[in-house]
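First residue of the sequence shown: 247, per the numbering used here; consecutive thereafter. For each residue, glycine too, the CB sits at the ideal point set by N, CA and C. Presented below is the structure to which this report refers.
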Amino acid sequence: MELSALPGFLFMLFDRFATLAMFFTVFALVFDFMKRRKCQNYPPGPRGWPFIGNILQVDWNNPHLSFAKLWKHYGDVVGVQFGWTNTVILNGYETLKEALVKKSEDFADRPQFPIYEDIFKTTGEGIVFARYGPWWREQRRFSLSTLRNFGLGKRSLETRTIEEAEFLNKEFENAKGLPFDPNINLNNATSNVICSIVFGERFDYQDEKFHKFLHYVRESFVLEGGFWGPVLNSFPFIRHLPGPHQKIFKNQQLIVQFIQNIITKPEEIWSPDETRDFIDAFLTEQEKMKHDPKTSFLKSNLLGTVIDLFVAGTETTSTTLRWALLFMVLHPDVQSKVQEEIDSVIGKERKPALEDREEMPYTNAVIHETQRAGNIAPISLPHQTYRDTEVMGYTIPKGTIIIPNLSSALFDENVWSTPHQFNPGHFLNSEERFVKPESFIPFSAGRRVCLGEQLAKTELFLFFTSMLQQFTFYLPENEPRPSCTESIFGITLSPCAYCLCVKLR
């Protein structure tokens with residue numbers, strides 16, 4: 247080619263590249279537009295960016311606050327997109343009730359979570375993340391009936407919790423009045439209750455391996471619930487790239503390995519004639535159903551189910567107790583009133599019992615207000631529509647991801663007199679009797695209501711009353727005052743780290 251012809255050739259080449267680039271750009275934008283098309287009567291919501299949708303318009307450190315703003319602007323039912331995934335946020339108790347209770351099956355499914363794709367190959371989907379259908383119903387019924395047996399008949403859940411409360415109080419006493427962070431001890435205590443039911447054993451408070459395991463669980467909650475969780479679920483290809491998100495998958499493997507090492511032991515000594523814990527019950531059922539090709543009682547699913555039970559029975563309860571102690575040191579007048587009621591009903595020598603709850607309206611109100619004000623699971627876990635349906639007059643197609651904004655019910659100004667203050671009076675009537683407003687749904691509602699709800703209620707009352715029966719909690723001198731308005735979001739909403747002191751009563 248002559249040099250004189252080179253500029254013309256380059257211009258032609260550039261022109262073809264520009265044309266090709268324009269074609270692909272227009273094609274991509276049209277494809278993106280087609281993916282974003284909504285059905286008629288779809289809920290209103292903010293306009294999203296091409297390809298990424300609204301994912302950058304949400305503060306994933308405080309998604310419940312971002313959703314509260316959308317609620318005020320667009321109403322009770324808000325449509326957003328994360329990537330190309332259609333998502334609807336449900337706000338307000340009446341909306342949540344219509345969807346989760348009145349149309350419970352329509353909203354009972356779970357979406358697929360690419361973030362757990364690899365781990366499900368080892369553990370199965372368990373209960374919490376399993377898709378709605380016969381498999382899920384079979385495992386849910388079995389797990390609930392087994393938990394109702396309070397540890398399968400040998401010792402009641404109440405007995406287990408009271409015994410663990412004694413171990414916990416001993417750890418507090420060992421602090422000898424010096425400042426300490428109660429987080430590890432509370433996490434250990436609540437974990438031991440579910441461990442005794444599922445594994446038939448508990449772990450010492452000085453067990454470093456168990457402490458590391460609990461750390462992995464908590465860290466995973468923060469990572470998966472924060473920015474990286476929604477990003478990885480919306481754009482799964484990112485999981486194959488290097489970056490800080492790889493910590494999520496490393497923690498998942500460590501958690502599974504720890505649980506796997508525990509549940510393999512009972513199988514070696516399992517006998518169908520003796521049911522000692524949840525694992526024994528599962529293995530017995532597996533033996534009964536081994537000839538059913540559609541059974542959900544598979545060895546792989548045992549691992550996933552045990553992990554779900556452990557997480558459901560540990561994280562939310564320990565987080566609630568952390569909020570409870572924080573509210574007590576920030577409101578010593580409330581703490582004193584609880585102790586007066588404990589002294590009056592239980593005394594200082596007898597151990598608390600579940601039957602005492604009916605005679606302790608103020609203490610019961612404080613526990614419930616802790617759950618409301620602490621806002622432990624502000625946006626619950628995502629649901630997915632099982633079929634085409636409607637809510638509050640809007641059309642929601644099958645396969646739409648649903649975010650139940652539980653915060654909207656727990657902080658509704660039309661329900662609670664002082665929604666943004668810690669006020670046990672929210673659960674007391676004019677005669678100082680305990681009442682529970684209908685919009686109090688910290689465990690969600692409907693078919694996907696928290697599996698560990700009854701376990702949590704038992705633990706919260708017995709641990710809380712046992713601690714306040716024995717100790718007075720107070721803030722250390724010359725240290726910054728902790729805040730109850732600052733928190734850390736990671737699937738659950740936990741208080742920032744704080745220290746306190748205890749003295750024997």
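When DSSP states are grouped into helix, strand and coil, Thr331 belongs to the strand group.
In this structure, the CA atom of Phe686 is about 33 Å from the CA atom of Gly294. Taking a contact as a CB-CB distance under 8 Å, the pair Asn337 and Ser654 counts as one, their CB atoms being some 4 Å apart.
Annotation for Gly472: Trp306, Asn307, Phe735 and Gly736 place their beta carbon closer than 7 Å to its own, counting only its chain and skipping 5 residues before and after. When DSSP states are grouped into helix, strand and coil, Val591 belongs to the helix group. The straight-line gap separating the alpha-carbon atoms of His614 and Phe673 is approximately 7 Å. DSSP places Val468 in the uninterrupted alpha helix (DSSP H) bounded by Glu454 to Gly471. Annotated as distal: Val347 and Met638, with beta-carbon spacing of 7 Å or more.
Under the three-state reduction of DSSP, Trp474 is assigned to helix. Judged by beta-carbon spacing, Gly550 lies within the 7 Å limit of Glu371, meaning their Cβ atoms are closer than that value. Of the candidates Leu432, Gly325 and Leu302, Gly325 places its Cα closest to the Cα of Tyr288. A distance below 6 Å between beta-carbons, with the five flanking residues on each side excluded, links Glu587 to the following residues of its chain, in chain order: Met606, Tyr608 and Thr609. Ser733 is bridged by DSSP to Pro741. Each of Gly698, Arg394, Gln700 and Pro628 was checked against the Cα of Phe359, and the nearest Cα belongs to Pro628. In this structure, the straight-line span from the alpha carbon of Ala623 to that of Asp602 is close to 27 Å. The C-beta separation of Ala435 from Arg694 comes to about 27 Å, leaving the pair out of contact by the 8 Å criterion. Within the region 324 to 391, the runs of alpha helix (DSSP H) at least 4 residues long that lie entirely inside it are, in chain order, 339 to 343 and 363 to 369.
Here Ile525 is not near Ile501, since their CB atoms are 7 Å or more apart. Between the alpha carbons of Met535 and Leu544 lies a gap of roughly 9 Å. Of the other Cβ atoms in all chains shown, fewer than 16 fall within 10 Å of the Cβ of Pro578; this residue is therefore exposed. For the options Pro741, Glu684 and Thr405, the alpha carbon positioned closest to that of Glu340 is the one of Glu684. In the structure shown, Leu746 falls within a strand segment according to DSSP collapsed to helix, strand and coil. Listed in chain order, the non-local C-beta contacts of Asp352 below 7 Å within the same chain comprise Thr631, Tyr632, Arg633 and Thr635, local neighbours out to five positions each way being set aside. Of the candidates Val477, Ala619, Val439 and Tyr744, the residue whose Cα lies closest to the Cα of Glu410 is Val439. In this structure, Ile647 lies away from Pro296, with their beta-carbon atoms at least 7 Å apart. By the Cβ criterion, the region 455 to 473 is in contact with the region 552 to 561, since at least three pairs of Cβ atoms, one from each stretch, lie closer than 8 Å.
Residue burial is scored here from C-beta neighbours: Gln452 has fewer than 16 other C-beta atoms within 10 angstroms and is therefore classed as exposed.
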